[in-house]
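So the structure is just underneath, and the comments pick up after that.
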Amino acid sequence: MRLPRRDCPPLLALVPLAILLMLPGCGWFKGKGPAVPGADIPGILPSQMEPVLEAHYAGLGHMERYEYADAAARFREIRELAPDWQPAKINLAIALLNQTGEAIADDESQSGGATEAGGDGGPDRFEQAIALLDEVLAEEPDNLHAHYSKAIILEQVGRWKEAHDEFAAVVEGDPYDAHALYWYAVTMPDSSGTERAALFEPEKLVEPLERALAINPYLVPALYNLSRVYVRPEVGRREDYDRLTDLKNRLDPQRSEPPPGMGDTAAKVYGEMGRYAELVGPPSRRVPPVADAPPPRFSEMRVAEVEFPEGHRWASKGDFTGPLAVVGRARDRFGAGVAAFDADRDGKIDLYATAAVVGPDGVRDALLLNLGDGRFVDASAEFGLPTDLPSIGVAAGDFDADFFPDLYLARVGPNLLLRNTGEGRFEDLTEATDTDGGDALTVTARWLDLDLDGDLDLFVVNHCDVSRSEQAFTDDSEGGAFTVAYRNDGTPVPVDAGTSLSAAPLAVEGPKANAVAGLETAFSDWSDAIALHDAEVPHSAVAALDIDSDRDLDLVLAADGQPLRVALNDRLGQFHAVDLPADNLAARLGGLLVVDLDQDGRPDLVGLGANGGAIAWRNSSEGRGEALDLKLEPWPIDAKGWRSATVADLDLDGHPDLLSTSLADGEIPAWARNEGDRSSARPLPTAPAASSEDDPSPILGGALVDLFDESPLPDAVYVRDGAPPIVAENLGNGRRWLGLDLAGRWNIYPELMRTNPHGLGTKVSLEGADLSVQYHHTSTESGTAQSITPVVLGLGSSELVPLVRLRWPDGVMQTELNQAADVMVTLAEKNRKTGSCPVLFTWNGERFACIGDILGGGGMGYLVAPGVYSQPDRDEMVHVRADQLAEQGGVYRLSITEPMDEVSYLDHLVLDVVDRPPGVDAHPDERFSPGGNRPTGELIAWRETIAPQAATDLEGDDVLETLSANDRDTVDDFKRHVRWIGYADEHGIVLDFADRLSRFGPDDSLVLCLAGWVEYPYSQTNYAASTAGVELMPPVLERLRDDGSWEVIEADPGYPAGLPRMTTLDLTGKLTGDRCVLRVRTNMECYWDHAFLAVRDPEAERALRVTSLPVSRAKLGAKGYIREVSPDGRLPLLYDYEYVDPAPLAPFAGRLTRFGDVTELLTADDDRLCLVGPGDELRFEFDATAPGLPEAWTRSFVLRSIGYCKDADPFTAGSDAVGPLPWKDMPEYPFGPGVERPRDPESQRDLDTYQTRIAGGD
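Counted from 1, the sequence shown has number 275 at position 275 by the UniProt record's numbering; the numbering is strictly sequential.
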């Protein structure tokens, strides 16, 4: 069904109706076709099929791990095995497109530079990719993957007009692809054909961008660019600009404040560029279910051993009379609620059974702690559970993210929210949080992350007003009730005052979160999302699934006598509801669950009728946005007498089956086998009749969980009427399996993550040559209970899973390679995308080695406090050891990458080759001094150093050994402000030189050498700290007076500008006397590694031989975002040049330097700038013309750089634009009104020749 205009999502309301009406409901998402086992694939010889598929899946895995070099190597293998298979050409081109480090010269491979693609080292990888795509287009002119990928490359290298033609071909072939429409718009030429329309005819972009947003309302760069068009005078739609800007800021995944927005990007990053830039796979060769396959094997059912308090017994049907009669009727219809979760975190799955026990105070629920091997103890009283209040349903979930699952009890009348304290007790927070569900009879509830902010919200399914509960579930039942939703507003427990950037609760703690507790408890009624409350009807069930394939959870609601209703998630906490047509819908449903029955990657639905019959539908919905066409098609299933069920691949063949968990009287445990096109019910093997003469107790509820110690395979447990539970151990059937325990993570920087503790909403895919298993981690139980347990997925005969692919609800794409079968794996979310500052690499003879960041002090617009900006330190000297830079092929090769949302403005690069006589060390005078005590940059030489006799931190703890060597072992035992990156409590080091300096006079030159690193604060954290009254205090150097007080001898001694390096400070005349004790204090995150004094030696300085080398060759190209690694398990993280972890780009406006030769821009300090954008790489070389070393001499290097940088922090002045360009005599930045960079004919030629690449942020 097509969405009616009145139910249009709020985001689409910004798009004109005329545009929406142009979009038919077709074709955005096509599911995989049916399995074709062993089918021939055109272009691949049967004899080459297995090696081709093995290489393909390996390459796919490497692509999704951002290991593009490895992926390219595997796709080259396929090209050799199957040169006529067109997808191999496309896939190799896509790998090359993403692996964007360029060779600096055609003969690079001969000079030691191995190409990352693993192939020939000459041609630019973009050119290789275009050649491959042209081959495809020569054979298949309408191949949209080839057109689109070629267009991305052409746009990237500045050939945007050619790119537009390719994007136009994609739009013509598929007018409903939002990414293609977006790129078609932003590359559109103006009427003259010489400039982009965005510059001079912005109105031309309105129609295609509005079409793109009609299809995908969450496409952030389209929102951004359309808003910029709306605000132009030629268009004049200021109100629309304001609305789109607000939406963009709220949806932007890269926004500064947590949680990250849940919008979609169009970044030039694999997985984010659009579907036509994703790999093309072979047709599925998944093996369909085999009729005579081995069935599941369970042991004989046996009675579970349960330790009960004296005077308690199992509840039976006769106990539900009077006020409890409605609970009995609910059990007859829905079954008993049985939730499985680890209540005490002992590693064993426990059970919570509703209305299961009768005690002195009446019928109550039971918490059964698992003792192992089918034995339990009733710990209800110990955990403080109600003794006289039976529940209908129970939902388990860690809402406060402290590792301990909490409970929500669905009841007649007020419900209960119980927090697990982690100390063997539950505390009732219902009244404190106002989450009782209203004055209603509640059937069930579900913990879900509905607003995608990384915590669990609560959805409550109400059946009727409590005043009508006496008639509920009878033929006389009437009335209904609204459903209720509670938004989880909990925040991480504060460690210090301030605005949180990286804090996270314990259960989802990322690598830099420093968590101390769970979330503070806070809920609010989701009153502003009317669709979540639905209508006042007798609701009976809910299922959460991404029915429209837009990467957020929607809700399907069932109510007696009503059609299915779906609340479609519009993100930003908003929903809109529409009817969901479904054939064969029963008048009354007892539950809904989600399962991918046909394994096409889309979640399907199963309902349990109130009469015990199961109904199933496959999801055949198509389209997106206004083009969405929701469709459910019947899936044959013959299960009868089932009251509830759960999803499980019982026969481990890779096709999900169903297990009955509650049965009508007289029925025996059963399962429904997935036969590929239907589900066929049959008795559970070895299970005796549940209602035999020996044991007449009906089965009321159950679960499939690991209860025995021998194997992680899930076992069957059933709760019965008036009798103890029965259990059966899962013995396996000889087939392979993989168990997954999913865990979400939170993090802001550098890895962006925001997923709930249980990973609910994650899509999982296991893939290989003959393997394709699709699993949706959502509503896998139809009954009144929600469990939190690992999942076991069948693999058939596969002993290895080549790819475990996950798409977490926060959009993070994660792939694990070559996972062995028959194990339980805990998979925590990992975002392999990273970012940092501009980074310098040098070729050491074997690989590019990370030296550190560069020009960290050259930041423009860096906010120190509200309205106060630091001024850039435009020059920096970087010391490079001989083992870090090797001559090869007569050249020294270096690289500067920009792995951050930042622009670098490079003006001049010079390499000094420093040759030293025996016994002489030398280092440039270098430090970052924000107070103006600038370094000279001259070389300082010494033959003698003096170490302190003692060294402590400010608390008096000994740190002498830590400071004795430059070895990445730093003084780090100080309290950091986890909410303000870069801030700490005041800390420092005390260096006691005793009388070791007494022999030096006032004219003797002593230089303080301090090695270490700094975690920079951001502009936004400076703002937050300043508004909270906290001032950033850079290091200050003090000396101990004779009276025990301290005097400041240098107020601005400077500090290392970023990653590890050594700073120098000349203290001539300041260290005289019999005893010298120095102290360095700061509240910055400054980590000291090595401390000593050097005795400056003028004679040694005169003996130095320095050869200054100009840049010989320099080439700007695209690289990507270099992965952060720790070589020794310590901080700071450094960078591995070989691995590229792309990330979205910041939306800079303006132009960057075009790719290619930029040598002449870097040969002088002349304001001719090379503008290096996010993900770019500058590869440059110096001819090794320095004379040879005399005997016993040693060599080192100093890279002298002049330049600037500017980040995308919203509090940084001018952070949204490349301009205005800096110059060496410029006034204070940001500039005042009317200040512009001087322009002459030469600078204009540079702008026209070099600064031509649109930044765009795309």
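For glycine and all other residues, C-beta sits at the position ideal for the given N, C-alpha and C.
Contacts around residue i, its chain only, beta-carbon distance under 7 Å, and the 5 residues preceding and following it disregarded
i	result
Thr1249	none
Val1111	Leu909, Thr1159, Leu1162, Thr1163, Phe1180 and Phe1182
Cβ-Cβ distance between residue i and residue j below 7 Å
i	j	result
Val1198	His879	yes
Leu1006	Leu1071	yes
Thr433	Phe523	yes
Pro724	Val306	yes
Gln48	Ala88	no
Leu592	Gly607	yes
Val170	Phe126	no
Ile668	Pro656	no
Ala163	Glu155	yes
Trp808	Thr842	no
Nonlocal neighbours in the same chain, by C-beta distance under 6 Å from residue i, ignoring five residues either side
i	result
Tyr1016	Gly982
Tyr230	Arg237, Asp240 and Tyr241
Ile946	Arg996 and Leu1093
Gln599	Gln774
Leu658	Ala645 and Ala672
Arg375	Glu305
Ser1243	none
Val594	Ala543, Leu545, Pro603, His776, Thr778 and Ser779
Ser765	Gln774 and Arg805
Bridge partners - residue i, DSSP secondary structure assignment
i	result
Met877	Arg1200
Ser772	Glu767
Leu1010	Thr1063 and Ala1091
Phe459	Arg446 and Ala485
Leu593	Val606
Asn569	Phe575
Asp677	None, per the DSSP bridge assignment.
Pro405	None, per the DSSP bridge assignment.
Range covered by the alpha helix (DSSP H) that runs through residue i
i	result
Phe167	Trp160 to Gly173
Thr245	Arg238 to Leu251
Trp942	From DSSP, Trp942 is part of no alpha helix (DSSP H) but of the beta strand (DSSP E) over Leu939 to Ile946.
residue 1260	Here the chain covers residues 1 to 1258 and nothing more, so residue 1260 does not appear.
Tyr230	Val220 to Tyr230
Gly318	That residue, Gly318, is in no alpha helix (DSSP H); it is neither H nor E in DSSP.
Gly328	Ala325 to Phe334
Opening and closing residue of the beta strand (DSSP E) in which residue i lies
i	result
Gln814	Met813 to Ala820
Ile726	Ala723 to Ala728
Ile44	Segment: none, Ile44 is in no beta strand (DSSP E) and carries neither H nor E.
Phe376	Arg375 to Asp378
Asn415	That residue, Asn415, is in no beta strand (DSSP E); it is neither H nor E in DSSP.
Close-in-space but distant-in-sequence residues of the same chain around residue i (CB under 8 Å, 5 per side omitted)
i	result
Glu54	Ala769 and Pro802
Val1106	Asp912, Val913, Val914, Asp915 and Leu939
Leu132	Lys89, Ile90, Leu92, Ala93 and Leu96
Lys32	Low local confidence applies: a pLDDT of 40 at Lys32 is under 50, so the model's placement there is unreliable, and no value is given.
Near the ligand ATP: residue i beta-carbon under 6 Å from a heavy atom
i	result
Gly374	Among the components of this structure there are no ligands whatsoever, and the ligand ATP is therefore not found.
Contact between the segment 1146-1164 and the segment 908-918 (3+ Cβ pairs under 8 Å): yes
Stretch-stretch touch, CB-based, cutoff 8 Å, three pairs: the segment 915-929 with the segment 1181-1200: yes
Segment contact flag, the segment 283-302 with the segment 330-346, C-beta cutoff 8 Å, min 3 pairs: no
The segment 214-221 / the segment 194-204 touching (three or more Cβ pairs under 8 Å): no
Inter-stretch contact (C-beta, 8 Å, three-pair minimum) for the segment 753-765 and the segment 669-680: In short, these stretches do not touch, since the Cβ pair count stays below three.
The segment 929-939 / the segment 882-894 touching (three or more Cβ pairs under 8 Å): no
At least three beta-carbon pairs within less than 8 Å, the segment 1072-1092 to the segment 982-996: yes
Cβ contact (3+ pairs, closer than 8 Å) linking the segment 731-742 and the segment 808-825: yes
Validate contact between the segment 920-928 and the segment 1052-1063 using beta carbons, cut 8 Å, 3 pairs: yes
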